Amino acid sequence: MTDTVNAGIAHGLYTDGEPIADTKAPAGPIDKKWTQRRFDASLVNPANRRKLDVIIVGTGLAGGSAAATLGEAGYNVKSFCFQDSPRRAHSIAAQGGINAAKNYKEDGDSVYRLFYDTVKGGDYRSRETNVYRLAEVSANIIDQCVAQGVPFARDYGGLLDNRSFGGVQVSRTFYARGQTGQQLLIGAYQALERQVAAGTVTQYARHEMLELVVADGRARGIIVRDLVSGEIETHLADAVVLASGGYGNVFFLSTNAMGSNVTASWRAHRQGAYMANPCYTQIHPTCIPVSGEHQSKLTLMSESLRNDGRIWVPKDKDDCDKDPRDIAEEDRDYYLERIYPSFGNLVPRDIASRQAKYVCDEGRGVGPMVGDFRRGVYLDFADAIERMGEATVREKYGNLFDMYERITGENPYKVPMRIYPAVHYVMGGLWVDYDLQSTIPGLFVTGEANFSDHGANRLGASALMQGLADGYFVLPNTIRDYLAKGPYEPLAEDHPAVVEARRSVEERTQRLLSVNGERSVDSFHRELGHVMWEYCGMERTEEGLLKAIDLIRGLRDEFWRNVRVLGAGDTLNQSLEKAGRVADFLELGELMCIDALHRRESCGGHFRGESQTEDGEALRHDDEYAYVAAWEFGGSEDGVFGEVGTPVLHKEDLVYEAIELKQRSYK
Amino acid sequence: MATVTSSRVATARRTTIGLKILMAGTGIVFVLYVLLHMYGNLKALQGEEAFNTYAEHLRTFGEPILPYGGLLWIVRVVLLLSLVGHAYAAYTLWSRAGNARRTKYAAVKTAARTAWMRWGGTFILLFVVWHLLEFTILKISVNPDKQGPNITQNPYELLVASFQVWWLTLIYVAALVALAFHLSHGVFSASQTLGLTGSAGAYRRSKMTGHALAAVIVVGFLIPPLAILFGLIK
Amino acid sequence: MNLTLKIWRQAGPRHTGELTTYKVQDISEDMSFLEMLDVLNEELIAKGEEPVAFDSDCREGICGMCGLMISGEAHGPERTTTCQLHMRSFSDGEVITIEPWRANAFPVIKDLVVDRSSFDRIIQAGGYISVNTGAAPEANAAPVPKPNADRAFMAAECIGCGACVAACPNASAMLFMGAKVTHLSELPQGQPERSARVLSMVDQHDAEGFGGCTNVGACSRACPKGIPQDVISTLNKDLRTSLRG
Ligand SMILES: Cc1cc2nc3c(=O)[nH]c(=O)nc-3n(C[C@H](O)[C@H](O)[C@H](O)COP(=O)(O)OP(=O)(O)OC[C@H]3O[C@@H](n4cnc5c(N)ncnc54)[C@H](O)[C@@H]3O)c2cc1C
Ligand code: HEM
Ligand code: HEM
Ligand code: SF4
Ligand code: F3S
Ligand code: FES
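Chains as they are written, first to last, in the working numbering: chain A, 85 to 751; chain B, 11 to 244; chain C, -7 to 237.
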């Protein structure tokens, strides 16, 4: 227990502010709240909708579905993404599946059970009301997607198939082979394109949002850069929705797409939107390990591999560079089976990840040397092949094995695979209330970009569910309450807020192009990623985090003095795009470390060195930390690039009425 | 049911797929004709009488409902229209394809099957023109030893006289090889265009049919000329 | 390994471009093709030259953003996306020519980056099922026979990369079109708009300036998702049926 002053405050890294609370969820029993809220939210006369402009940044599951739905409703929607087509948003990469409380298997599933599993999966750090609503609308998502033609897996009777996923006891996951995200996204994309054709949605691909326009206390527009012509454009509206995805790329290496970034959220944060629980990241244990310094991203392999594969490393460091097939059985350490005899290789994601890191830090990792260590552990199917036969293994895991072979050039039927954990998802994001509205009126945040539904950890197959729940069903109902009060006074392009937002974008762009230093953007990003992974990854300590904050500050300072961005601003310039994103990551990274530092408990996937049980397991502190940490931007000196002031912490207490808090144990 | 307006249908006929359907339809007319023609040519193996009777029969078929030569003329009109349609579609698509990629690749790996079809088709066109001049319109004998009306007015004699000349036979061999290539892809292509290959099995079968038909046609057509050249038929 | 790269450099849509030769050294076999280009770009930046622009995002073969013509083959010698192509598919000392997708419907934006928004417009023309949010019936109300569901899924795997267009000698987008039409036509939900969809999409395809399909099949051989040529047959059939009005 911590009776000392929190280290963050002690070091002057942040200050405490007023508590914050959600005021939008109506009173009453949890299962009536959403119905009540939809009833209370004002309606917008269909004839007026055309006059209301909504900007949606992001075309992933969250943004694409929202743009399509608001377009259908008749609002005037502008949709933005930085890729060349909305269909390529990062949601497309999701493999496993999407949960919904359909109870098609009649195995005892229900809205309440999905709600319960999700809150528990989030280690009791999510907001109960939001999660309940998520479970409530989940079934509608499946209906909607099927009607759009999403080809979910079916059984021989032609009905939808389900599987159980991520360690839950019921089969509620809908899937489309290993391409669930792709199929769902294409469904949303097609719905979106239909609205583009109908003229209700205007699509801006290859446009990147670089600033939020806040005028008279309301979010009123965005400043974007047309990535093809380099032109800086102003787009104004009655409301702005950010559905810009997660920021896992702050770690440089992650399973996220190359372009995933925090810029949209971070710019909003700088304009006054609170950032909640930024340090909550999910780390996935079964990724293909790094093969060398040049590596640009990591690839996820399905966790289902742990069902039949056995994880081990050599007992002796000296065996690490041997051919694994030459290492005798008695020289292998099946460490998960050893430490967790009852769960074995099926321990939860965070434990599997952390233990892998430990054995590698001890010098017992396998695979190529990257830096000073070998970062990989074996995932061995030799026993499974013996037990079930190669044909069965091939049938069950063939496509994953093929993918592994394509990337590594090794045949997993013959040589054990190598895996290593990688950053996969962020639970933190902009703070929103029950209406998905941020602390800036008129700014709504959906999908991975907000913080609301997953707490400190995400249950498998629930991010897709959240994205579509937000976009199809929640936001369209809540945003109308805000829009009904509009149309808001039209903003002139020469309104000081607009002028100022444009100026800051132009200045930043100009500055990035003119530093003309020695180091490439990627080299800064790589270094930042390294610091984040080492000190703000799976295991955090006060000492490490303090060190990380120092390192990040130094790096950020160097960035603005020494980055080299070639080319001009008035054409396609990918270095410039990257530079802007990395500049924001360099600010976010610090806040993540401060957030991690102040949360002196182990919760979700985040192991805090100073908070463990006697036998080294994660220890949560519900009495002290059952709150959402919502950070207010500390301000920055005008024109001083990379300077950030001291952030202010606002706490939202988490009240559990429908569910009882419990500690977990996997021993 | 969403309705489709007739103007939409009209424009759709001019789309690349519309043109291809025209091409497939006319191509099938050709295939049928060529098969029939091949059958007729094979009559030459049965000797002069069988062949000439067959040639005459073609002209009297359907009498008295059709005038003398009536069927032949119907066939000729259909063939001519088909030729116009087929070539029009082919050349339109060719030019659209050229416009669709104005900057060419510096490195090209695949030998283009389109080249066979287009240049091969053009070669067949030239061949047919010559062939018609030779056997139908002008009735020319290229054999210096066999001239005069009793040769040119007797289809069988003209045939024998012509193919005793080695280089003429060579032209025919070349034309038939071109035709075989054209059809080995064309038959599959037509079924694909008409939407008859919408499953893996149908797809494979139609590819095989194309190759088989091409083989039958080369062999079938070449038997009489080669038999003549090598003196089996005199 | 050491390689010679001949890369198409073009400053902008209205500039003329040309192949420029670069040498890269000590490339590891385990690098992906795009990581090899990342290495080249880092070297170019160090030398003060502008890096080569190319598209990529997911780098795991699913978003369809990447795509290069590598020595005359769309996505290179393996059947996969450019981002999933690894350097072990090449040999030491090889000369590799790298060009953008070439099609007038895919204008070059810069270097190896092209504009594929024509694909979006084809989808806008009808590549969807019209169903408003909230208006959907219960998901299991319309069972889909397994063979149809499987074929729909196979076609739905298309990632919209454009390799089919790049590989087609006619620069035709019929494989992309066929994949979408087949996906939606196999499902009961897709029936009401079946005729209208195919007519509009084909019209749009031609209006964008793609060439016509002459059933060459190079598209399907280049397709990283293995979309078979027979989807074009399905497309043709749907068009023929709708021509009857
Ligand atoms: C490999 C992988 C596998 C996964 N598997 C699963 C799974 O099986 N089940 C599950 O539930 N979840 C899974 N997830 C998580 C899930 O895919 C994501 O959390 C979810 O798709 C996020 O959707 P989104 O709409 O919020 O954002 P995204 O899909 O990331 O979309 C972000 C959008 O914002 C746009 N954008 C971002 N910044 C800007 C800017 N500055 N200007 C303009 N546009 C911008 C982008 O262009 C894009 O359109 C997986 C994630 C990964 C990485
Ligand atoms: C006038 C000379 C000819 C020209 C210029 C020509 C040209 C072409 C071309 C360019 C194609 C398209 C290739 C393709 O779609 O794959 C084609 C297809 C075809 N041709 Fe010809 N051709 C000619 C004569 C013939 C003849 C004499 C026959 C038959 C005996 C024939 C049968 C076919 C068939 C069956 C097809 C396939 C139709 C389709 O693809 O849908 N063609 N032709
Ligand atoms: C060895 C091959 C061939 C031989 C010996 C041959 C022989 C003949 C003969 C003798 C005639 C005249 C028939 C008559 O007027 O009674 C004729 C006509 C014709 N042949 Fe051929 N032919 C051959 C190949 C072809 C091929 C490959 C084609 C088409 C691609 C073709 C197309 C025609 C046509 C269109 C006519 C005109 C029919 C008419 O309208 O009168 N022939 N051929
Ligand atoms: S059909 Fe294949 S090659 Fe064409 S866009 Fe789709 S995935 Fe790419
Ligand atoms: S290569 Fe081209 S011609 Fe047709 S079959 Fe494929 S689109
Ligand atoms: S980068 Fe996404 S498919 Fe290659």
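Even for Gly, the Cβ is constructed at its ideal location relative to N, Cα and C.
These figures come from a predicted structure and were not determined experimentally.
Boundaries of the beta strand (DSSP E) in which residue i is found, first to last residue
i: Arg502 of chain A; result: 501 to 510
i: Tyr711 of chain A; result: 711 to 716
i: Asp195 of chain C; result: Premise fails: Asp195 of chain C lies in the alpha helix (DSSP H), 186 to 199, not in any beta strand (DSSP E).
i: Arg304 of chain A; result: 302 to 310
i: Thr206 of chain C; result: That residue, Thr206 of chain C, is in no beta strand (DSSP E); it is neither H nor E in DSSP.
i: Lys(-2) of chain C; result: -5 to 1
i: His291 of chain A; result: 291 to 299
Distance CB(residue i)-CB(residue j) smaller than 8 Å
i: Gln658 of chain A; j: Ala45 of chain C; result: yes
i: Val510 of chain A; j: Ile101 of chain C; result: no
i: Val666 of chain A; j: His609 of chain A; result: yes
i: Trp715 of chain A; j: Pro408 of chain A; result: no
i: Phe166 of chain A; j: Glu292 of chain A; result: yes
i: Glu264 of chain A; j: Ile367 of chain A; result: Residue identity check: residue 264 of chain A is Thr in the sequence provided, not Glu. No, the Cβ-Cβ distance between Thr264 of chain A and Ile367 of chain A is not below 8 Å.
i: Val173 of chain C; j: Ser164 of chain C; result: no
i: Ala545 of chain A; j: Gly180 of chain A; result: yes
i: Asp565 of chain A; j: Asp519 of chain A; result: yes
i: Gly155 of chain A; j: Thr284 of chain A; result: yes
i: Val461 of chain A; j: Val397 of chain A; result: yes
i: Ser187 of chain C; j: Thr125 of chain C; result: no
i: Gly53 of chain C; j: Pro216 of chain C; result: yes
Which of helix, strand or coil DSSP assigns to residue i
i: Leu656 of chain A; result: coil
i: Leu635 of chain A; result: helix
i: Ser163 of chain A; result: strand
i: Lys186 of chain A; result: coil
i: Pro154 of chain B; result: coil
i: Thr264 of chain A; result: helix
i: Lys229 of chain C; result: helix
i: Met57 of chain C; result: coil
i: Asn534 of chain A; result: strand
i: Asp392 of chain A; result: coil
i: Phe691 of chain A; result: strand
i: His682 of chain A; result: helix
Residue i burial status per 10 Å Cβ neighbour count (16 or more: buried)
i: Leu239 of chain B; result: buried
i: Glu277 of chain A; result: buried
i: Glu479 of chain A; result: exposed
i: Ser426 of chain A; result: exposed
i: Leu232 of chain B; result: buried
i: Ala12 of chain B; result: Only weak support is given to the placement of Ala12 of chain B: the predicted model assigns it a pLDDT of 42, under 50, and the value that follows is read from those uncertain coordinates. Exposed, since its Cβ has fewer than 16 Cβ neighbours within 10 Å.
i: Gly305 of chain A; result: buried
i: Val194 of chain C; result: buried
Extent of the continuous alpha helix (DSSP H) to which residue i belongs
i: Leu29 of chain C; result: 25 to 39
i: Ala231 of chain A; result: 212 to 232
i: Gln120 of chain A; result: 117 to 124
i: Ile423 of chain A; result: 419 to 423
i: Asp434 of chain A; result: 433 to 443
i: Pro159 of chain B; result: 159 to 162
i: Phe528 of chain A; result: Counting along the chain, Phe528 of chain A falls outside any alpha helix (DSSP H), though it belongs to the beta strand (DSSP E) covering 527 to 529.
Any non-hydrogen atom of ligand 7 within 7 Å of residue i CB
i: Met166 of chain C; result: With respect to ligand 7, the structure offers nothing, as its ligand set consists of ligand 1, ligand 2, ligand 3, ligand 4, ligand 5 and ligand 6.
Taking only runs of the beta strand (DSSP E) that begin and end inside the region 81 to 117 of chain C, which ones reach a length of at least 3 residues, in chain order? The region 81 to 117 of chain C contains these whole beta strand (DSSP E) runs: 87 to 91, 100 to 102.
List, from N- to C-terminal side, the alpha helix (DSSP H) runs of 4 residues or more that fit wholly inside the region 25 to 84 of chain B. Residue ranges of uninterrupted alpha helix (DSSP H) with 4 or more members, entirely inside the region 25 to 84 of chain B and ordered along the chain, are 26 to 52, 58 to 70.
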